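Presented below is the structure to which this report refers.
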Amino acid sequence: MRDDDPLRNPRQHTTTTSERGSFCTARCVCGWTGPARRSRERARTDAAEHTAQT
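The working numbering numbers the first residue of the sequence shown as 202 and each following residue consecutively.
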């Protein structure tokens with residue numbers, strides 16, 4: 202098992218953003234999903250805040 206596998210090591214969070222229509226949402230491999238935002242930058246900030254909290 203690799204120590205950097207985020208699904209097996211909850212301390213490792215990998216976030217992404219995805220767009221649907223005019224909204225952007227941040228998501229994490231742990232299952233967390235941020236609110237839909239019209240601003241990509243705000244969705245990225247949501248992801249960064251989530252990563253910092255864990």
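Ideal Cβ placement from N, Cα and C applies to all residues, glycine included.
Keep in mind the model is a prediction, meaning the values are calculated, not measured.
* To do: Could you name the residues of the same chain whose beta carbon sits closer than 7 angstroms to that of Thr252, not counting the 5 residues immediately before and after it, in chain order?
  => His214, Thr216
* Would a check of beta-carbon distances place Thr234 closer than 7 angstroms to chain D? -> No chain D appears in this structure, which consists of one protein chain only.
* **Thr246, enclosing alpha helix (DSSP H) - first and last residue** => 241-254
* With a 10 Å radius around its C-beta and 16 neighbouring C-beta atoms as the bar for buried, classify Ala227 as buried or exposed. => buried
* Put Ala237 into one of helix, strand or coil per three-state DSSP. => coil
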